[in-house]
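Visitor: Numbering (my numbering), first residue to last: 1 to 277. All C-beta atoms, glycine included, are put in the ideal place defined by N, C-alpha and C.
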C-alpha cells in the first residue's frame, strides 16, 4: 500500500472511537487490507478494467459472497427475539443491500446467461465463503458486513464507479448506486453513519466483551477470504494473447539475431590471417 493509501486508511480508522469497535476492526484487518490493496493494484495493472470478462469474474466472486450474507441476515432478523433483536438488525437499518446491484451489473456485462456463467466461474475460496456465511451467526454476519459492505460505503464505491463507467458504461455501475453522489447525505455522511453504527452497536452488558472480540476476530478471517477470492480468479484480458505473441516474437528475433551475430563472428575469426592453425 502506498504512503497516500496508508494515510487515507489511518484517517478513516481514526474517525472511530478510541478503543471502539470500528478502530479495533480496522486494526485487525490492517495487514490483510494492505495485501488487498496490493492485489487490487495488481489486478488493475493486469487489465481488470480493460476486459469485461475479467471484471465480471471478480465482481461475481463478491456477488455470491454478498448475496449469501444478505440472505443470511434476513433469515436471522426474521427469526430474532423481539425482546432482544439481533445485532444484524441494527446493521440492516443502515439501508444497504447490494445483491440486486451486483445482479444488474453482471447481466449488463455478461448478458442473459450471466447466472450460469458466474456459477461456472465461482472459485473455491468463494464457495467456502458462501458456505461459511450460509451458517453464520449474528456476530459473524456483523463482521462480514463490515468487510463486504464497509469498503463500498466508506468510499471505495465512490472512487471505483467512474473508472468502471468509463470502461463498461453506466449500465455496469448499479452496485454503486447507494454509495455515490448525494445518496444518504453524501460520502462523508455515509462514512460517519457507518462508523458510528459499529461504535454504538454493542450493549453495555455481560455479552458485549465476548461479542466485541468475536466480531474483531471474524473481520480478520473474512478479510483473508476476500483476498483469497481475488487471487483465485482465472480470466485473462482479451489482449493478453497478443501481448504474449508479440513478446514471443521479440524474444525469437533477439535469439536469432544473437545466433546470426555469433555465427558471423565465428566465421570472421576462423578466416583471419592471424589465426594459428
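Measure the beta-carbon distance from residue 148 to residue 212 and round it to whole angstroms, keeping in mind my assumption that it falls under 8 Å.
Guide: Contact doesn't hold; Cβ gap of about 20 Å is too wide.
Visitor: What is the DSSP secondary structure of residue 199, counted as helix, strand or coil?
Guide: helix
Visitor: Quick one: any contact between the segment 133-146 and the segment 65-78, if contact means 3 or more CB pairs under 8 Å?
Guide: yes
Visitor: Would you give the residue range spanned by the alpha helix (DSSP H) that residue 162 belongs to?
Guide: 157-168
Visitor: Would you report the Cα separation of residue 100 and residue 116, rounded to the nearest angstrom?
Guide: In a straight line, the C-alpha of residue 100 is about 16 Å away from that of residue 116.
Visitor: Write down every uninterrupted run of the alpha helix (DSSP H) in the segment 41-82 whose length is 4 residues or greater and which is fully enclosed by it, in chain order.
Guide: 52-78
Visitor: Here's a check: name, in chain order, each residue in its chain whose Cβ is nearer than 7 Å to the Cβ of residue 248, leaving out the five neighbours to either side.
Guide: Low local confidence applies: a pLDDT of 37 at residue 248 is under 50, so the model's placement there is unreliable, and no value is given.
Visitor: For residue 76 and residue 204, what's the separation of their Cα atoms in angstroms?
Guide: 22 Å
Visitor: Using the Cα positions of residue 103 and residue 121, report the straight-line distance between them to the nearest angstrom.
Guide: 15 Å
Visitor: What does the Cβ neighbour count give for residue 144, buried or exposed, with the cut at 16 atoms within 10 Å?
Guide: buried
Visitor: Work out the CA separation of residue 198 and residue 19 for me, nearest whole Å.
Guide: 12 Å
Visitor: Indicate the three-state DSSP secondary structure (helix, strand or coil) for residue 115 in the structure shown.
Guide: helix
Visitor: Please list the terminal residues of the continuous alpha helix (DSSP H) segment that includes residue 90.
Guide: 87-92
Visitor: Is the segment 154-164 in contact with the segment 228-236, if contact means three or more CB pairs nearer than 8 Å?
Guide: no
Visitor: Tell me which residue opens and which closes the alpha helix (DSSP H) that residue 138 is part of.
Guide: 138-148
Visitor: Determine the burial state of residue 7: buried for a count of at least 16 other Cβ atoms within 10 Å of its Cβ, exposed for fewer.
Guide: exposed
Visitor: I think residue 105 touches residue 175, with their Cβ atoms under 8 Å apart; what is that distance to the nearest whole Å?
Guide: 5 Å
Visitor: Quick check on residue 84: does DSSP put it in helix, strand or coil?
Guide: Strand.
Visitor: Can you tell me whether residue 60 is buried or exposed? The criterion is at least 16 other CB atoms within 10 Å of its CB, across all chains shown.
Guide: Counting Cβ neighbours within 10 Å, residue 60 comes out buried, since at least 16 surround it.
Visitor: Going by beta-carbon coordinates alone, are residue 129 and residue 65 separated by less than 8 Å?
Guide: Their beta carbons are under 8 Å apart, which means residue 129 touches residue 65 by this criterion.
Visitor: Could you have a look at residue 204 and say whether DSSP puts it in helix, strand or coil?
Guide: coil
Visitor: Just the Cα atoms here: how many angstroms apart are residue 172 and residue 49?
Guide: 12 Å
Visitor: Restricting to Cα atoms, I'd like to know which of 196, 169 and 24 is closest to residue 219.
Guide: 24
Visitor: Can you tell which of 91, 124 and 96 has its C-alpha closest to the C-alpha of residue 183?
Guide: 96
Visitor: Mind checking residue 162: buried by the 16 CB within 10 Å criterion, or exposed?
Guide: exposed
Visitor: Excluding sequence positions up to five away, which residues of its chain have a Cβ less than 7 Å from the Cβ of residue 10?
Guide: Sequence-distant Cβ neighbours of residue 10 in its own chain, meaning closer than 7 Å and more than five residues away, do not exist here.
Visitor: So residue 109 and residue 194 are in contact, right, with Cβ under 8 Å, and what is the actual spacing, rounded?
Guide: Between residue 194 and residue 109 the Cβ distance is about 27 Å, and since that is not below 8 Å, they are no contact.
Visitor: Cutting at 6 Å between CB atoms, please list the residues of its own chain near residue 152, excluding the five before and the five after it.
Guide: 179
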